[in-house]
Amino acid sequence: MWQPDGWDVRARIGVLTPHGDVGPESELQAMAPEGVRVHATRVPFGGIRSGGQMDPTIPLAPVQAFVEPPDIDEATALLAAAPLGAIGIGFTSSAYVIGADGERKVVERLMEHSAGIPVVSTCAAAVAGLRTLNVQRLALFNPPWFDAELDRLGAGYFTSLDLDVVVTDPASCRAISGASARPTCSRGLLPTHPTAPKPSSSVATASARSA
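Residue numbering for the sequence shown is 1 to 211, as defined by the numbering used here.
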(Lines of atoms letter the chains of each structure in order from A; the text may use other names.)
(Lines give C-alpha, C1' and ligand atoms only; values in the text may rest on other atoms or scores of the structure.)
Protein backbone atom coordinates (compact mmCIF):
# COMPACT_ATOMS: atom_id res chain seq x y z
CA MET A 1 0.00 0.00 0.00
CA TRP A 2 1.27 3.45 -0.92
CA GLN A 3 1.91 5.93 1.88
CA PRO A 4 2.56 9.69 1.60
CA ASP A 5 6.31 10.37 1.62
CA GLY A 6 6.13 14.12 2.36
CA TRP A 7 7.18 15.26 -1.09
CA ASP A 8 3.73 16.03 -2.46
CA VAL A 9 2.96 19.27 -0.63
CA ARG A 10 1.13 22.51 -1.33
CA ALA A 11 3.72 24.71 0.37
CA ARG A 12 6.98 24.55 2.31
CA ILE A 13 7.80 27.05 5.06
CA GLY A 14 11.23 27.60 6.58
CA VAL A 15 11.85 28.62 10.18
CA LEU A 16 14.96 30.03 11.85
CA THR A 17 15.06 28.54 15.33
CA PRO A 18 17.47 28.57 18.31
CA HIS A 19 19.89 25.68 17.94
CA GLY A 20 18.70 23.68 20.96
CA ASP A 21 14.98 24.43 20.74
CA VAL A 22 12.70 22.01 18.89
CA GLY A 23 9.56 23.93 19.83
CA PRO A 24 9.14 26.34 16.89
CA GLU A 25 9.18 23.80 14.08
CA SER A 26 7.21 21.25 16.12
CA GLU A 27 4.42 23.68 16.98
CA LEU A 28 4.32 25.25 13.53
CA GLN A 29 3.99 21.82 11.94
CA ALA A 30 1.22 20.93 14.40
CA MET A 31 -0.68 24.09 13.43
CA ALA A 32 -0.02 23.84 9.70
CA PRO A 33 -2.90 22.79 7.44
CA GLU A 34 -2.71 19.57 5.48
CA GLY A 35 -0.17 19.77 2.68
CA VAL A 36 2.09 22.34 4.36
CA ARG A 37 5.52 21.26 5.61
CA VAL A 38 7.83 23.15 7.99
CA HIS A 39 11.61 22.99 7.55
CA ALA A 40 13.95 24.42 10.20
CA THR A 41 17.53 25.51 10.35
CA ARG A 42 19.42 26.12 13.56
CA VAL A 43 20.80 29.49 14.71
CA PRO A 44 23.24 29.64 17.66
CA PHE A 45 21.62 31.00 20.82
CA GLY A 46 23.74 31.72 23.87
CA GLY A 47 20.88 31.22 26.33
CA ILE A 48 20.45 27.50 25.69
CA ARG A 49 22.77 24.55 26.33
CA SER A 50 23.12 21.00 25.06
CA GLY A 51 19.94 18.99 25.39
CA GLY A 52 17.77 22.12 25.39
CA GLN A 53 18.80 23.03 28.94
CA MET A 54 18.46 26.66 29.96
CA ASP A 55 18.32 28.85 33.05
CA PRO A 56 14.95 29.58 34.72
CA THR A 57 14.89 32.93 32.88
CA ILE A 58 16.72 33.91 29.72
CA PRO A 59 19.20 36.85 29.85
CA LEU A 60 18.66 39.73 27.45
CA ALA A 61 22.15 39.82 25.87
CA PRO A 62 21.91 36.47 24.00
CA VAL A 63 18.30 37.28 23.10
CA GLN A 64 19.47 40.34 21.21
CA ALA A 65 22.54 38.56 19.81
CA PHE A 66 20.30 35.92 18.21
CA VAL A 67 19.24 38.37 15.48
CA GLU A 68 22.62 40.03 15.00
CA PRO A 69 24.93 39.06 12.12
CA PRO A 70 26.54 36.88 11.01
CA ASP A 71 24.94 33.65 12.32
CA ILE A 72 21.28 34.27 11.50
CA ASP A 73 22.21 35.84 8.15
CA GLU A 74 24.20 32.75 7.16
CA ALA A 75 21.42 30.46 8.37
CA THR A 76 18.92 32.39 6.25
CA ALA A 77 21.09 31.98 3.16
CA LEU A 78 21.37 28.22 3.73
CA LEU A 79 17.63 27.84 4.31
CA ALA A 80 16.83 29.94 1.24
CA ALA A 81 18.58 27.38 -0.97
CA ALA A 82 15.56 25.12 -0.39
CA PRO A 83 12.32 25.53 -2.39
CA LEU A 84 10.39 27.49 0.24
CA GLY A 85 7.44 29.85 0.07
CA ALA A 86 8.42 31.88 3.13
CA ILE A 87 10.91 31.98 6.01
CA GLY A 88 9.85 32.77 9.57
CA ILE A 89 11.99 33.89 12.50
CA GLY A 90 10.99 31.44 15.24
CA PHE A 91 11.99 33.72 18.08
CA THR A 92 9.74 36.27 19.78
CA SER A 93 11.83 37.75 22.56
CA SER A 94 14.45 39.39 20.32
CA ALA A 95 11.73 41.64 18.90
CA TYR A 96 10.81 42.63 22.43
CA VAL A 97 14.41 43.69 23.11
CA ILE A 98 15.13 45.55 19.86
CA GLY A 99 11.65 46.99 19.38
CA ALA A 100 9.42 47.21 16.32
CA ASP A 101 11.82 49.39 14.33
CA GLY A 102 14.74 47.09 15.11
CA GLU A 103 12.66 44.07 14.14
CA ARG A 104 11.81 45.67 10.79
CA LYS A 105 15.50 46.33 10.12
CA VAL A 106 16.38 42.70 10.91
CA VAL A 107 13.77 41.45 8.43
CA GLU A 108 15.06 43.84 5.77
CA ARG A 109 18.62 42.65 6.37
CA LEU A 110 17.70 38.97 6.20
CA MET A 111 15.79 39.57 2.98
CA GLU A 112 19.17 40.43 1.44
CA HIS A 113 20.15 36.78 2.05
CA SER A 114 16.85 35.02 1.31
CA ALA A 115 17.03 34.85 -2.50
CA GLY A 116 13.74 36.72 -2.78
CA ILE A 117 11.86 34.46 -0.35
CA PRO A 118 9.74 36.57 2.04
CA VAL A 119 11.00 36.73 5.63
CA VAL A 120 8.42 37.07 8.41
CA SER A 121 8.95 37.90 12.09
CA THR A 122 6.71 36.81 14.95
CA CYS A 123 5.67 40.11 16.53
CA ALA A 124 5.19 42.00 13.26
CA ALA A 125 3.03 39.11 12.00
CA ALA A 126 1.00 39.18 15.23
CA VAL A 127 0.41 42.92 14.89
CA ALA A 128 -0.66 42.50 11.26
CA GLY A 129 -3.17 39.85 12.32
CA LEU A 130 -4.50 41.96 15.18
CA ARG A 131 -5.02 44.93 12.90
CA THR A 132 -6.79 42.76 10.34
CA LEU A 133 -9.21 41.76 13.12
CA ASN A 134 -9.51 45.39 14.29
CA VAL A 135 -8.17 44.50 17.74
CA GLN A 136 -7.17 47.46 19.90
CA ARG A 137 -6.78 45.92 23.38
CA LEU A 138 -4.45 43.04 24.16
CA ALA A 139 -3.91 40.62 27.05
CA LEU A 140 -0.32 39.38 26.76
CA PHE A 141 0.90 36.14 28.37
CA ASN A 142 4.58 35.22 28.08
CA PRO A 143 6.40 31.98 29.00
CA PRO A 144 7.72 31.70 32.59
CA TRP A 145 11.31 31.87 31.30
CA PHE A 146 10.69 35.55 30.40
CA ASP A 147 11.74 37.70 33.37
CA ALA A 148 9.96 40.87 34.52
CA GLU A 149 12.11 43.09 32.29
CA LEU A 150 11.40 41.02 29.19
CA ASP A 151 7.68 41.06 30.05
CA ARG A 152 7.89 44.85 30.31
CA LEU A 153 9.69 45.13 26.98
CA GLY A 154 7.04 42.91 25.38
CA ALA A 155 4.25 45.17 26.55
CA GLY A 156 6.27 48.15 25.34
CA TYR A 157 6.61 46.62 21.89
CA PHE A 158 2.86 46.47 21.40
CA THR A 159 2.06 49.79 23.06
CA SER A 160 4.60 51.47 20.76
CA LEU A 161 2.34 50.36 17.90
CA ASP A 162 -0.76 51.90 19.49
CA LEU A 163 -2.14 48.69 20.99
CA ASP A 164 -3.50 48.91 24.53
CA VAL A 165 -1.93 46.13 26.63
CA VAL A 166 -4.41 45.71 29.47
CA VAL A 167 -2.75 42.64 31.05
CA THR A 168 0.76 41.20 30.88
CA ASP A 169 1.61 38.09 32.89
CA PRO A 170 3.71 34.91 32.71
CA ALA A 171 1.79 31.88 31.49
CA SER A 172 1.13 29.00 33.85
CA CYS A 173 3.38 26.08 32.96
CA ARG A 174 4.40 22.81 34.47
CA ALA A 175 7.34 20.46 34.14
CA ILE A 176 6.74 17.09 32.49
CA SER A 177 8.58 14.13 33.98
CA GLY A 178 11.18 12.69 31.66
CA ALA A 179 11.08 15.69 29.33
CA SER A 180 13.40 18.67 29.04
CA ALA A 181 14.04 20.62 32.22
CA ARG A 182 12.43 23.55 30.47
CA PRO A 183 8.80 23.92 31.63
CA THR A 184 6.15 23.03 29.08
CA CYS A 185 3.11 25.27 28.73
CA SER A 186 -0.22 23.53 28.66
CA ARG A 187 -1.53 23.80 25.12
CA GLY A 188 -4.57 26.01 24.74
CA LEU A 189 -4.61 27.03 28.41
CA LEU A 190 -3.98 30.49 29.83
CA PRO A 191 -3.95 31.55 33.48
CA THR A 192 -6.92 33.34 34.98
CA HIS A 193 -6.09 36.93 35.90
CA PRO A 194 -8.32 38.93 38.25
CA THR A 195 -8.06 42.08 36.13
CA ALA A 196 -8.22 40.41 32.72
CA PRO A 197 -10.93 41.85 30.47
CA LYS A 198 -13.80 39.66 29.40
CA PRO A 199 -13.43 38.43 25.81
CA SER A 200 -15.02 40.67 23.23
CA SER A 201 -14.58 41.57 19.58
CA SER A 202 -12.11 44.31 20.51
CA VAL A 203 -9.92 42.32 22.92
CA ALA A 204 -7.40 39.63 21.95
CA THR A 205 -5.30 37.28 24.04
CA ALA A 206 -1.78 36.61 22.83
CA SER A 207 0.68 34.01 24.05
CA ALA A 208 4.37 34.36 23.15
CA ARG A 209 5.52 30.73 23.25
CA SER A 210 8.68 30.98 21.17
CA ALA A 211 11.79 31.94 23.08
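Note that CB positions come from ideal geometry on N, CA and C, so glycine has one too.
Nearest Cα to Ile72 within the set Thr132, Asp55, Ile58, Gly90: Gly90. The beta carbons of Ala171 and Pro144 sit about 7 angstroms from each other, so the pair counts as a contact at 8 angstroms. Under the three-pair Cβ rule at 8 angstroms, the stretch 26-42 does not count as touching the stretch 55-66. For the stretch 56-137, the full-length beta strand (DSSP E) segments reaching 3 residues or more read 86-89, 119-121 along the chain. In this structure, the alpha-carbon of Leu110 lies about 43 angstroms from that of Met1. Membership of Ala171 in any beta strand (DSSP E) is not indicated, and neither H nor E is assigned to it by DSSP.
Rounded to the nearest angstrom, the Cβ distance from Leu78 to Thr41 is 6 angstroms, consistent with a contact under 8 angstroms. By the criterion of a C-beta distance shorter than 8 angstroms, His39 is surrounded in its chain by Arg12, Ile13, Gly14, Val15, Glu25, Leu79, Ala82, Leu84, once the five residues flanking it on both sides are discounted. Cβ atoms of Ser121 and Glu103 come within 8 angstroms of each other, at about 5 angstroms.
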